[in-house]
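Remarks on the structure that follows.
Number of protein chains: 2
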Amino acid sequence: MNATAIELQAPTTRHDGTPDRSPPGSAAAVPVTIAHGDGIGPEIMDATLRVLAAAGARIAPETIDIGAKVYAAGHSSGIAEESWDSLRRTRVFLKAPITTPAGGGFKSLNVTVRKTLGLHANVRPCTSYAPFVPTRHPGMDVVIVRENEEDLYAGIEHRQTDEVYQCLKLITRPGCERIARHAFEYARSHGRRKVTCMVKDNIMKMTDGLFHAVFEEIGAEYPDIERERYIVDIGAARLATRPEQFDVIVTPNLYGDILSDIAAELAGSVGLAGSANVGEHVAMFEAIHGSAPDLAGRGVANPSGLLLSAVMMLVHIRQARVAGRIHNAWLRTLEDGIHTADIRGEHTRRTVGTDDFARAVIERLGESPRVLRPVTYRDPAPARLPNPAAGYRRRPAARKALVGVDVFVHDARTSPDLLAERLRRLRPEGLSLQMITNRGVKVWPGGLPETFCTDHWRCRFVAPAGATIGHDAIVELLSRLTRADVDVIKTETLCTFDGERGYALGQGQ
Amino acid sequence: MNATAIELQAPTTRHDGTPDRSPPGSAAAVPVTIAHGDGIGPEIMDATLRVLAAAGARIAPETIDIGAKVYAAGHSSGIAEESWDSLRRTRVFLKAPITTPAGGGFKSLNVTVRKTLGLHANVRPCTSYAPFVPTRHPGMDVVIVRENEEDLYAGIEHRQTDEVYQCLKLITRPGCERIARHAFEYARSHGRRKVTCMVKDNIMKMTDGLFHAVFEEIGAEYPDIERERYIVDIGAARLATRPEQFDVIVTPNLYGDILSDIAAELAGSVGLAGSANVGEHVAMFEAIHGSAPDLAGRGVANPSGLLLSAVMMLVHIRQARVAGRIHNAWLRTLEDGIHTADIRGEHTRRTVGTDDFARAVIERLGESPRVLRPVTYRDPAPARLPNPAAGYRRRPAARKALVGVDVFVHDARTSPDLLAERLRRLRPEGLSLQMITNRGVKVWPGGLPETFCTDHWRCRFVAPAGATIGHDAIVELLSRLTRADVDVIKTETLCTFDGERGYALGQGQ
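Going down the list, the sequences are from chains S and V. Residues in the first sequence are numbered from 7 upward in steps of one, following our numbering. Residues in the second sequence are numbered from 7 upward in steps of one, following our numbering.
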């Protein structure tokens, strides 16, 4: 246990192991796991907890150790086994930044926590505070809601031939439903009016197409919220030049990674931004900045990123009124020109350290900003706690029919025509070779001389139109290819789902 | 043939079907295929060709029809069969914008040309012209070199289960070598000092890792050019806020799509920007703006985007001196405040139409800008024409050993433990079940209760450590799974290449 921990109130008794999240107005304290982290972490956590206590937050902190000393004690991911118990018990985690040791063998604590606990939604508000914090985009107030678990980040990569490497992009219906619902619920409970979906579904019609379709489907349940969609390249360009026109953006993992970094930089508030990583079971709240070891122990660090993360946490645990009190007092502090050194500028009246900044916020509790827009938070609907997206319900299975198979072959010495001739001799009854592509471009039949070919061939075998095959036909095909020494590196079955084609046609097909 | 075509000089006789690209100083004209396109296309093409003629460009245009009337004549990709002959003959294509008809059944002409002719490099200079054209980023002068054929854009997508859709990201060694070489050759022949590689190789260690490794490998052949690498999320944020610090950026297809749109918007010069799509056989040059049907026929369109594309073309066909003359006269025209309506602003002295703008550029041929930096172009080395990247040489094959297989299973009713038990009963001698993951997260052995599982399971079977298997072992495994009614949706073989693991470990493995 960390010596700087502040016990705000006694933990609530829990009978069934789930946290007690009492309605607003109740005095029951919500257990929250807290980690003070490394570098400036302990200082900004202390300041944050002081503000929370003064504002009347009803939380009962349980402190765990993470970061440098835990890595040093031999835990390769920076967190001890027993700390998971606390996270599973409280289901709410307020986390200060840590220092991941350099060198191999250490795993990112954030990735470990996110993957282990299934934190599927990353929420990052990017707000500018002009004129009090310099920015080129004064009116900016955008929230990026990023899918956090799937897409190319599932980490499934294979080297398939001498020349070709592959990574799988997986997009799933539950993943899409949850993140879309999260975005619309967030918009509703935060008084926002529009959710923009950013995808590349003009190219990736099936994966990004699913994300977009589910966005529309879930969004239709929120008629009070406007829906908008951008192709991500144009959307990113628009975000980079006119961020003021966006409100909430929901997007798959990779695009979200890029867009949220762009938005944070543009707002000029990387040091002020909080974030949430929310899952079905647990939610984690943290600043987006690092542990800044060079500033540690000097009492000068800006606690705002962690404080605004704590504000997000308070909304999550249904203490919206307290969250709003803190956020508005914080905005007023900025306006009053009481700034830590990192945001010192022409509007600074007094440069203060971590503690004095926290004190200034506490002094302003109950006040609202005069120039900046005050915030108002509503508690999320109780029925949807801990996370509205938890309610994914699997649909009845579609009628799935197997109609063919893509067989991928490694061969550096062949040509499209030679390969086709060979495969056609080998194919079993009931399957015909329909096409061969190389890097997605059709090279047989009717290939073009200009197409450069790698050693990686995708060979599509299909049943006659309207017919289906059994898996045994694929086994028989593979068996024949194996006997003929064809180097099969992968297969993808071709199926229809309720009669609809479940695979893309080849380019030029 | 389009009536507005201007025959600048008689075509050169070609004896072997390849274009005659004469050394600078020679009077021989280079055959170039030209398309006037739709909307404002014919006007800006006429203006461009007039400037080229006045500057002494030695080109012999062959005009083809593309776009609206070709679509209307029943060619679904907007280009007639016979036009390919011209492109294959001249190998150089200067293309005005076209209008792709709305509605289904029409294919993008650009995608068709790019894929058909294998135009693997997309080159897009994004320059700001402050104070003459308003921009927030006065010092910006960045060139995005984007790989154009592979990555997720190969279009290989499969719906695999009721819940899960997949798109393949393919990154290849020839693709990486060519685009890296293109970027460094471009930097060298355009007097640029730094090439920045943007990838996400902290996550995609194999695919983006290859791109990065090849970048370093090829870059080492260019000791005069500085190398730099950014993780793409931070790099995109940096580009969006401090584009001045970049020179040439080289990046895979998807990131390049996003980054080049950001850069063009930031520069404030979308209407002024040219681009090149360069392949082993053919290169295509075009403005990045569209056909602007609402402006057509009014003589007001800005020809700058197409003119700067033609400048890129002239460098490509080794008429660098002429290219520089035109580019510098164009910069001087901007400086002199002679602007078309689209860039009218406080530095405009005279607002002109398309023709007068071209005339103003022609009047300034031989002059250089005084405020903006003049350009100087060098002809690319003749030995490397038509494209230095054409020289990809396949390496000797690695020693490849098959050590296992990932089998992907569709099952909505199982659990990790049940599935593992079933698969372990079915596996043949010599293969053991090592792990099961769901969306990349390990769920067996030692899964966690928090991990949400879709109906899509990746089951890794491996040979004993140090041992290899034959393809027949995989066939036997699939045969047993099929007999037991396991719904196998795909396989990926696990191989080592020269003893090095050719597959990623599971998260949590």
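We treat Cβ as the ideally placed atom computed from N, Cα and C, and that holds for glycine.
Using a Cβ cut-off of 7 Å (strictly closer), state whether residue 516 of chain V contacts chain S. Past the edges of chain V, shown from 7 to 515, lies residue 516 of chain V, and the structure says nothing about it.
On the CB-based measure, 16 or more other CB atoms within 10 Å of its CB, does residue 415 of chain V come out buried or exposed? Classification for residue 415 of chain V: buried.
Within 7 Å, strictly: CB atoms of residue 130 of chain V and residue 281 of chain V: Remark: C-beta atoms of residue 130 of chain V and residue 281 of chain V approach each other more closely than 7 Å.
Does residue 425 of chain V have its Cβ less than 7 Å from a Cβ in chain S? Chain S, which has no Cβ nearer than 7 Å to the Cβ of residue 425 of chain V, makes this no.
What residues from the region 429–458 of chain S come within 7 Å of chain V, judged by C-beta to C-beta, listed N to C? Cβ contacts with chain V: 445, 446, 447, 454, 456, 457, 458.
Determine, using beta carbons only, whether residue 247 of chain V and residue 271 of chain S come nearer to each other than 7 Å. Taking 7 Å as the Cβ cut-off, residue 247 of chain V and residue 271 of chain S qualify as a contacting pair.
With 7 Å as the threshold, decide whether the Cβ of residue 403 of chain V is near any Cβ in chain S. Interface residue, yes.
Close Cβ partners of residue 221 of chain S (< 6 Å) along its chain, the five nearest in sequence each way excluded: Once the five neighbours on either side are set aside, the close Cβ partners of residue 221 of chain S are 186, 203.
Give the DSSP-derived three-state secondary structure of residue 163 of chain S in the structure shown. In the structure shown, residue 163 of chain S sits in a strand (DSSP, three-state: E or B).
Could you confirm whether any beta carbon from chain V is found closer than 7 Å to the beta carbon of residue 182 of chain S? No, its Cβ sits nowhere closer than 7 Å to a Cβ of chain V.
Helix, strand or coil at residue 56 of chain S according to DSSP, with G and I counted as helix: Here residue 56 of chain S sits in helix by DSSP.
Determine, for residue 209 of chain V, whether the minimum Cβ-Cβ distance to residues of chain S falls below 7 Å. True, the Cβ-Cβ gap to chain S drops below 7 Å.
Which one or two residues does DSSP pair with residue 468 of chain S in a beta bridge? For residue 468 of chain S, which the question treats as bridged, DSSP gives the partners S/410, S/438.
Does the beta carbon of residue 495 of chain V sit closer than 7 Å to a beta carbon anywhere in chain S? So yes, residue 495 of chain V belongs to the interface.
What residues in the region 271–292 of chain V have a beta carbon less than 8 Å from any beta carbon of chain S? Of all residues in the region 271–292 of chain V, 271, 272, 285, 286, 287, 288 have a Cβ within less than 8 Å of some Cβ in chain S.
Residue 485 of chain V versus chain S: which residues are under 7 Å apart at the beta carbon? Chain S residues near residue 485 of chain V: 481.
Just the chain S side, please: which residues come within less than 8 Å of residue 508 of chain V by C-beta, in chain order? Contact of residue 508 of chain V with chain S by beta-carbon distance below 8 Å involves 164, 165, 166.
What are the boundary residues of the beta strand (DSSP E) that residue 69 of chain V is part of? Taken as a continuous stretch (DSSP letters only), the beta strand (DSSP E) holding residue 69 of chain V covers 65–70.
Check whether the region 31–47 of chain S touches the region 284–299 of chain S, counting contact only when three or more Cβ pairs, one atom from each stretch, lie closer than 8 Å. Touching, yes.
Do the CB positions of residue 152 of chain V and residue 266 of chain V come within less than 7 Å of each other? Result yes, Cβ atoms of residue 152 of chain V and residue 266 of chain V sit closer than 7 Å.
So does the region 164–173 of chain S actually touch the region 348–368 of chain S, counting three or more Cβ pairs closer than 8 Å? Cβ pair count under 8 Å is below three, so no.
Taking contact to mean at least 3 C-beta pairs separated by less than 8 Å, is the region 474–487 of chain V in contact with the region 128–143 of chain S? The region 474–487 of chain V, when compared against the region 128–143 of chain S, does not touch it at the 8 Å Cβ threshold.
List, from N- to C-terminal side, the alpha helix (DSSP H) runs of 4 residues or more that fit wholly inside the region 342–400 of chain S. Every alpha helix (DSSP H) stretch that sits fully inside the region 342–400 of chain S and reaches 4 residues is listed by chain position as 360–369.
Residues of its chain near residue 258 of chain V, where Cβ-Cβ distance is below 6 Å and the 5 sequence neighbours each way are ignored: Result list for residue 258 of chain V: 153, 157, 217, in chain order.
Taking C-beta pairs closer than 7 Å, name the residues in chain V that residue 160 of chain S reaches, listed in chain order. Simply 445, 446.
By the three-class DSSP mapping on this structure, what secondary structure does residue 495 of chain S have? Shown here, residue 495 of chain S sits in a strand according to DSSP, grouped into three states.
6 Å Cβ shell around residue 526 of chain S - same chain, five flanking residues per side excluded: Beyond the ends of chain S as shown, which are 7 and 515, falls residue 526 of chain S; an answer cannot be given.
Residue-chain proximity (residue 517 of chain V, chain S), Cβ-Cβ < 7 Å: Summary: the structure shown does not reach residue 517 of chain V, with chain V confined to residues 7 through 515, and so no result is reported for it.
Does the beta carbon of residue 521 of chain V sit closer than 7 Å to a beta carbon anywhere in chain S? The structure shown does not extend to residue 521 of chain V, since chain V spans only 7 to 515, so no value can be given for it.
Helix, strand or coil at residue 280 of chain S [DSSP, three-state]: Of the three classes helix, strand and coil, the one that applies to residue 280 of chain S here is strand, per DSSP.
How would you call residue 500 of chain S, buried or exposed, if buried means at least 16 neighbouring beta carbons within 10 angstroms? Label assigned to residue 500 of chain S: buried.
Around the C-beta of residue 529 of chain V, are 16 or more other C-beta atoms found within 10 angstroms, so that it is buried, or is it exposed? Residue 529 of chain V lies beyond the residue range present for chain V, which begins at 7 and ends at 515; the question has no answer from this structure.
Mind listing which residues of the region 46–61 of chain S have their C-beta closer than 7 Å to chain V's C-betas, in chain order? Taking 7 Å as the Cβ-Cβ cut-off against chain V, none of the residues of the region 46–61 of chain S qualify.
Assign residue 37 of chain V to one of two classes, buried (16 or more other C-beta atoms within 10 Å of its C-beta) or exposed (fewer than that). Residue 37 of chain V is buried by the Cβ-count criterion.
CA-to-CA distance, residue 190 of chain S to residue 228 of chain S, given in whole angstroms: Rounded to the nearest whole angstrom, the C-alpha separation of residue 228 of chain S and residue 190 of chain S is 7 Å.
According to DSSP, is residue 323 of chain V part of a helix, a strand, or is it coil? Taken through DSSP and simplified to helix, strand or coil, residue 323 of chain V comes out as coil.
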